[in-house]
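Below you'll find the structure, written out as structure tokens, and then a few comments.
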Amino acid sequence: LQTYADTLPAEVAASQGDLARLALDQKLVTGLKTREEVDDLLTQRGVADANAEDGYRSVALEDYVARLSGDGSRPDSRPAVAVVVAEGEIAGGKQPPGKIGGDSTADLLEQARDDDGVKAVVLRVNSPGGEVFASERIRRAVAALKADGKPVVVSMGDVAASGGYWISMNADRIYADPSTITGSIGIFGLFPSIDRTLDRIGVHTDGVATATYAGAFDITRPLDPGMASTIQAVIDKGYRDFTGRVAKARGRSIEQIDAVAQGRVWSGAQAKERGLVDAFGGLREAVADAAARAKLGKPDVWQTRWIETGGNALPPWLDTVLQSRIGANLLTDAGPLASVLSERAQASAPLRFVKDALAQQNRRHVTALAYCFCSLPQ
Numbered sequence: 335l336q337t338y339a340d341t342l343p344a345e346v347a348a349s350q351g352d353l354a355r356l357a358l359d360q361k362l363v364t365g366l367k368t369r370e371e372v373d374d375l376l377t378q379r380g381v382a383d384a385n386a387e388d389g390y391r392s393v394a395l396e397d398y399v400a401r402l403s404g405d406g407s408r409p410d411s412r413p414a415v416a417v418v419v420a421e422g423e424i425a426g427g428k429q430p431p432g433k434i435g436g437d438s439t440a441d442l443l444e445q446a447r448d449d450d451g452v453k454a455v456v457l458r459v460n461s462p463g464g465e466v467f468a469s470e471r472i473r474r475a476v477a478a479l480k481a482d483g484k485p486v487v488v489s490m491g492d493v494a495a496s497g498g499y500w501i502s503m504n505a506d507r508i509y510a511d512p513s514t515i516t517g518s519i520g521i522f523g524l525f526p527s528i529d530r531t532l533d534r535i536g537v538h539t540d541g542v543a544t545a546t547y548a549g550a551f552d553i554t555r556p557l558d559p560g561m562a563s564t565i566q567a568v569i570d571k572g573y574r575d576f577t578g579r580v581a582k583a584r585g586r587s588i589e590q591i592d593a594v595a596q597g598r599v600w601s602g603a604q605a606k607e608r609g610l611v612d613a614f615g616g617l618r619e620a621v622a623d624a625a626a627r628a629k630l631g632k633p634d635v636w637q638t639r640w641i642e643t644g645g646n647a648l649p650p651w652l653d654t655v656l657q658s659r660i661g662a663n664l665l666t667d668a669g670p671l672a673s674v675l676s677e678r679a680q681a682s683a684p685l686r687f688v689k690d691a692l693a694q695q696n697r698r699h700v701t702a703l704a705y706c707f708c709s710l711p712q
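What follows is the structure, given as structure tokens:
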């Protein structure tokens with residue numbers, strides 16, 4: 335491990351920026367698998383159950399909670415075109431409304447994949463991009479839907495660029511408005527440092543470490559050339575992955591995609607001319623296209639179903655607290671809840687709505703609240 339740490343730039347260069355393969359070669363991980371392959375592994379190693387949806391015994395938290403609450407309602411039995419909204423910046427893990435979470439958005443797509451009543455999916459994308467890993471997580475969920483025989487159609491909103499295009503590229507058909515901002519097929523990375531700023535006020539740092547690159551990301555020091563080359567190698571690989579995946583998804587050569595990539599941004603009209611989108615249209619056209627691809631017939635024999643997480647405008651850390659036993663006790667008293675809401679109400683329209691609704695109820699028990707996200711497409 336010491337040798338690996340000290341020779342990291344050379345090792346990364348030798349692996350052409352493929353950190354996952356490097357970790358495997360160094361025996362830091364047991365294997366390389368996608369999320370879907372891990373699910374298959376759980377199926378193989380879990381307690382087999384032929385009647386279970388995944389082939390092994392398991393229970394999802396939301397199903398468990400729904401059973402406890404007595405929510406046994408059944409949805410419309412007609413076949414459905416599911417609509418999943420990807421709105422905001424793309425980040426890893428589970429994200430609240432207004433951001434796209436790699437896990438949370440992929441979970442919605444996987445929910446559509448596992449639902450036998452869903453025959454096709456429309457992914458509504460309005461995003462300037464974000465994290466590569468999170469974008470790839472969502473793209474794989476789209477690919478898994480197609481592998482299961484469920485058509486996927488993308489409807490682009492005002493912006494679907496960079497990571498927004500990454501999560502869109504594998505769709506069977508991509509719709510955009512002529513004024514949509516899309517493309518930006520490229521990857522960048524940066525590392526801020528303040529060593530020269532500190533130098534101007536006479537502040538300098540030093541230290542002792544047990545490995546060559548132990549302090550490589552100390553912002554008070556200049557970026558080490560070896561670490562800079564490591565970052566560049568990873569970025570170069572990411573760009574190759576991006577253009578390669580777009581080329582495969584769009585049926586083009588890598589050279590053709592590189593000619594319209596390199597981080598350049600296009601309008602929807604320009605993107606259509608360059609083969610990055612297929613047609614002009616909005617959500618309605620995308621839903622109709624998805625239904626036609628699934629051969630669902632006339633509109634009155636199928637439904638459009640929005641698949642979304644439960645409304646939650648609280649930050650992830652507070653959401654975790656409120657799901658705990660302490661949080662449950664907290665919510666039984668309107669006082670602490672009103673205090674929490676008042677602190678965050680100015681920054682969140684949904685929270686202002688909840689706060690005002692609680693005030694109008696004069697602290698009586700509130701059984702249900704609804705908030706309309708007016709920015710969602712009609």
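Residue numbers (our numbering): 335 to 712.
Note that beta-carbon positions come from the ideal geometry of N, C-alpha and C, so glycine has one too.
In this structure, does DSSP put residue i in helix, strand or coil?
{"i": "residue 596", "result": "coil"}
{"i": "residue 421", "result": "strand"}
{"i": "residue 668", "result": "In this prediction, residue 668 scores a pLDDT of 46, lower than 50, which makes its location untrustworthy; no coordinate-derived value is stated."}
{"i": "residue 377", "result": "helix"}
{"i": "residue 492", "result": "strand"}
{"i": "residue 636", "result": "coil"}
{"i": "residue 547", "result": "coil"}
{"i": "residue 542", "result": "coil"}
{"i": "residue 571", "result": "helix"}
{"i": "residue 537", "result": "coil"}
{"i": "residue 351", "result": "coil"}
{"i": "residue 656", "result": "Here residue 656 scores only 49 on pLDDT, less than 50, and its place in the model is too uncertain to base an answer on."}
{"i": "residue 526", "result": "coil"}
{"i": "residue 358", "result": "helix"}
{"i": "residue 480", "result": "helix"}
Is residue j closer than 9 angstroms to residue i when the C-beta atoms are compared?
{"i": "residue 519", "j": "residue 596", "result": "yes"}
{"i": "residue 465", "j": "residue 420", "result": "no"}
{"i": "residue 523", "j": "residue 553", "result": "no"}
{"i": "residue 614", "j": "residue 602", "result": "yes"}
{"i": "residue 343", "j": "residue 563", "result": "yes"}
{"i": "residue 624", "j": "residue 357", "result": "no"}
{"i": "residue 486", "j": "residue 510", "result": "no"}
{"i": "residue 501", "j": "residue 557", "result": "no"}
{"i": "residue 414", "j": "residue 638", "result": "yes"}
{"i": "residue 448", "j": "residue 387", "result": "yes"}
{"i": "residue 508", "j": "residue 617", "result": "no"}
{"i": "residue 565", "j": "residue 416", "result": "no"}
With 16 other CB atoms within 10 Å as the buried threshold, where does residue i fall?
{"i": "residue 367", "result": "exposed"}
{"i": "residue 346", "result": "buried"}
{"i": "residue 491", "result": "buried"}
{"i": "residue 385", "result": "exposed"}
{"i": "residue 606", "result": "buried"}
{"i": "residue 530", "result": "exposed"}
{"i": "residue 441", "result": "buried"}
{"i": "residue 636", "result": "buried"}
{"i": "residue 666", "result": "Model confidence at residue 666 stands at a pLDDT of 47, short of 50, so the residue's coordinates are unreliable; what they give is reported in the following sentence. So residue 666 counts as exposed."}
{"i": "residue 542", "result": "exposed"}
{"i": "residue 535", "result": "exposed"}
{"i": "residue 436", "result": "buried"}
{"i": "residue 484", "result": "buried"}
Per DSSP, which one or two residues make a beta bridge with residue i?
{"i": "residue 614", "result": "510"}
{"i": "residue 471", "result": "Answer by DSSP bridge pairing: none, since residue 471 is not bridged."}
{"i": "residue 464", "result": "424"}
{"i": "residue 516", "result": "494, 600"}
{"i": "residue 434", "result": "424"}
{"i": "residue 458", "result": "419, 489"}
{"i": "residue 452", "result": "414"}
{"i": "residue 382", "result": "390"}
Starting from the C-beta of residue i, find all residues in its chain whose C-beta is less than 6 angstroms away, skip the five residues before and the five after it, and write them out in chain order.
{"i": "residue 577", "result": "588, 591, 592, 595"}
{"i": "residue 677", "result": "Legend: pLDDT at residue 677 = 46, less than 50; position of this residue unreliable, value from coordinates given subsequently. Cβ neighbours of residue 677 beyond the five flanking positions: none."}
{"i": "residue 391", "result": "381, 383"}
{"i": "residue 477", "result": "504"}
{"i": "residue 714", "result": "There is no way to answer for residue 714, as the model of the chain reaches only from 335 to 712."}
Please work out which residues of its chain come closer than 8 angstroms, Cβ to Cβ, to residue i, disregarding the five sequence neighbours upstream and downstream, and give them in chain order.
{"i": "residue 493", "result": "460, 461, 462, 514, 515, 516"}
{"i": "residue 714", "result": "The requested residue 714 does not occur in the structure, where the chain is confined to residues 335 to 712."}
What residues in its chain sit with their C-beta under 7 angstroms from that of residue i, if we drop five residues either side in the sequence?
{"i": "residue 561", "result": "343, 547, 550"}
{"i": "residue 521", "result": "466, 569, 572, 573, 576"}
{"i": "residue 528", "result": "553, 554"}
Is it the case that the CB of residue i approaches a heavy atom of the ligand FMN more closely than 8 angstroms?
{"i": "residue 618", "result": "Annotation note on the ligand FMN: not contained in the displayed structure, which lists no ligands."}
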